[in-house]
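Protein chains in written order, with full-length UniProt numbering: chain A, 1 to 131; chain B, 1 to 131.
Number of protein chains: 2
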Amino acid sequence: MIGLVIVSHSNKISNGIVDLCYQMAGKNIKIISAGGTSDGRIGTDPIFIKEAIEKANDGDGVVIFADIGSSIMSSELAIEMLEKDLQEKTYILDTPIVEGAVAVAVQACMSNDIQEILNVAEEARQTRKIS
Amino acid sequence: MIGLVIVSHSNKISNGIVDLCYQMAGKNIKIISAGGTSDGRIGTDPIFIKEAIEKANDGDGVVIFADIGSSIMSSELAIEMLEKDLQEKTYILDTPIVEGAVAVAVQACMSNDIQEILNVAEEARQTRKIS
């Protein structure tokens, strides 16, 4: 199953997203919180993210959700530190961190197809909340 | 100053968004967490949200950030319960809850113009994280 890593600048946000995803998608999926710095401050930490990616991977690869600014750069640095094999199946998704993670967690329980995951992430980015 | 109310299904997410917004925008603005149910479970609660809107309002109105599904409906119910005067200056923003709240918190510190707030929220919705 594809694993999820949540990279908010706040570990409260990341931990809350993990709770919400498990509530919506069930507990069969690996969703790892990598929010905040490793000592709990606001920020992001490439090494902390790298370790989360390794934990989230069960062989099928990992998708990363990031919030603002440097969370993307820290995630890119984390991917550079991975073994080549895992590097090639790790993706940063261009989707809102909360809304995208919930949608993808549900999808990842149904299918290992990375293209379908990317489509669901993009759909979450484009869906309007208020019609 | 326009106040912010954060309505995630998870109070960890809402509390984390408040922390992150204060970090980015400074402490001069009212940002109230109304995530989760009033007893801390995953969900949303119209009465809890109504009280948060009243706390966030200093006379200039309030904007609400919601995450998924019923958070919009609970926010709409909360607005219906408000006094008419506050009701008319409370808006639910169609923007990602984390990314939109941070962008709007920064903008709200600079201007009370609701149209500018709506524009910033829409920009946060449309901005791609990965170019």
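A virtual CB, placed ideally from N, CA and C, is assigned to each residue, including glycine.
(request) Please say whether residue 92/B and residue 76/B have beta carbons closer to each other than 8 Å? (result) A contact, by the Cβ cut-off of 8 Å.
(request) Give the DSSP bridge partners of residue 48/A, in chain order. (result) When DSSP reads this structure, residue 48/A sits in no beta bridge, so it has no partner.
(request) May I have the straight-line CA-CA distance separating residue 56/B from residue 82/B, to the nearest angstrom? (result) Those two C-alpha atoms are separated by around 13 Å.
(message) Given a cut-off of 8 Å on the beta-carbon distance, is the pair residue 4/A and residue 108/A in contact?
(response) With respect to residue 108/A, residue 4/A sits close: the two C-beta atoms are nearer than 8 Å.
(request) Under 6 Å Cβ to Cβ from residue 46/A, same chain only, skipping five residues before and after it: list those, please. (result) Taking residue 46/A as the centre and dropping the five residues before and after it, the same chain places the C-beta of 74, 77, 78 closer than 6 Å to its C-beta, in chain order.
(request) Could you tell me if the beta carbon of residue 105/B falls within a distance shorter than 7 Å of some heavy atom in the ligand NAP? (result) Ligands in the displayed structure: none, and consequently the ligand NAP is not present.
(request) Report all residues from its chain with a CB closer than 7 Å to the CB of residue 58/B; omit the five preceding and five following residues, and keep chain order. (result) Excluding positions up to five away in sequence, the list reads 1, 3, 30.
(message) Please tell me whether residue 97/B has its Cβ less than 8 Å away from any Cβ of chain A.
(response) Residue 97/B has a beta carbon lying within less than 8 Å of a beta carbon in chain A.
(message) So that I know if they touch, is there some Cβ in chain B lying closer than 8 Å to that of residue 16/A?
(response) By this cut-off, residue 16/A is an interface position.
(message) So if I threshold CB-CB distances at 7 Å, which residues from the region 20-42 of chain A count as touching chain B?
(response) Against chain B - using a Cβ distance shorter than 7 Å - the residues of the region 20-42 of chain A are 20, 23, 42.
(request) Starting from the beta carbon of residue 72/B, find every residue of chain A whose beta carbon is closer than 8 Å, and list them in chain order. (result) Scanning chain A for C-beta atoms nearer than 8 Å to the C-beta of residue 72/B yields 129, 130, reported in chain order.
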